[in-house]
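Encoded as structure tokens, the structure appears first; notes follow it.
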Amino acid sequence: MDLTNFLRTGVYLKLKVGLVEEEIYSVFKKEDLIEKCYFDRLNKEKVFSYFYNALEIRVIDSKINSLNFYLARYPVTLLNDNIIYSETNFELIIKYLDIANIKWYFDKQIYYSRELAIKTEGNVLINCVYDKGNYWLSKFQTFE
Numbered sequence: 021m022d023l024t025n026f027l028r029t030g031v032y033l034k035l036k037v038g039l040v041e042e043e044i045y046s047v048f049k050k051e052d053l054i055e056k057c058y059f060d061r062l063n064k065e066k067v068f069s070y071f072y073n074a075l076e077i078r079v080i081d082s083k084i085n086s087l088n089f090y091l092a093r094y095p096v097t098l099l100n101d102n103i104i105y106s107e108t109n110f111e112l113i114i115k116y117l118d119i120a121n122i123k124w125y126f127d128k129q130i131y132y133s134r135e136l137a138i139k140t141e142g143n144v145l146i147n148c149v150y151d152k153g154n155y156w157l158s159k160f161q162t163f164e
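Numbering (this note's numbering), first residue to last: 21 to 164.
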């Protein structure tokens, strides 16, 4: 899963936030999507997510609400062959963004100043968490 273009555009395999749910099935076969996770038992089809390797596709009211790549689930790549793990150095991510000529800036600190986000020109957040001596990249995400 190379995310270089996703960081630049916010689009992954023709999927982007705001598209209707049916667009998911033009990219993935239903049987390829690992699981369908419901968030509300009473309104199962209102809010749910599909998972495929590191990717979570969240659907709300039949539209793609967010695309999230969880690095703890599976590594991803940048620049075609540079593997990114949750333990990858934050400075290395910045270096790869610069090499790929992807514009970015520090977006915000959240969760009691323990999570920092970089926002790319594709409106993608790269979240980094530091907690009690442990550091990790948590996810790459774009959402409404």
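By construction, the Cβ of each residue, glycine as well, lies at the ideal position given by its N, Cα and C atoms.
Here the structure is a predicted model, which means the values were calculated and not measured.
Tell me the rounded alpha-carbon separation between residue i and residue j.
i           : j           : result
residue 153 : residue 107 : 13 angstroms
residue 104 : residue 111 : 12 angstroms
residue 113 : residue 59  : 32 angstroms
residue 155 : residue 43  : 35 angstroms
residue 79  : residue 118 : 32 angstroms
residue 121 : residue 161 : 19 angstroms
residue 46  : residue 95  : 24 angstroms
residue 75  : residue 52  : 12 angstroms
residue 71  : residue 97  : 18 angstroms
residue 56  : residue 68  : 7 angstroms
Going by DSSP, name the residue or residues bridged to residue i.
i           : result
residue 163 : 86
residue 137 : 128 and 147
residue 154 : 151
Would you decide whether residue i is buried or exposed? Buried here means 16 or more other CB atoms lie within 10 Å of its CB.
i          : result
residue 38 : exposed
If you follow the alpha helix (DSSP H) that residue i is in, where does it begin and where does it stop?
i           : result
residue 111 : 110-119
residue 26  : 24-29
Grab the span of the beta strand (DSSP E) containing residue i for me, first residue to last.
i          : result
residue 75 : 75-80
residue 69 : 67-72
Since residue i and residue j are thought to touch, with beta carbons under 8 angstroms apart, how far apart are those beta carbons, to the nearest angstrom?
i          : j           : result
residue 30 : residue 143 : 5 angstroms
Would you please verify whether the beta carbon of residue i is less than 8 angstroms from any beta carbon of chain D?
i          : result
residue 75 : Among the protein chains of the structure shown there is no chain D, as only one such chain exists.
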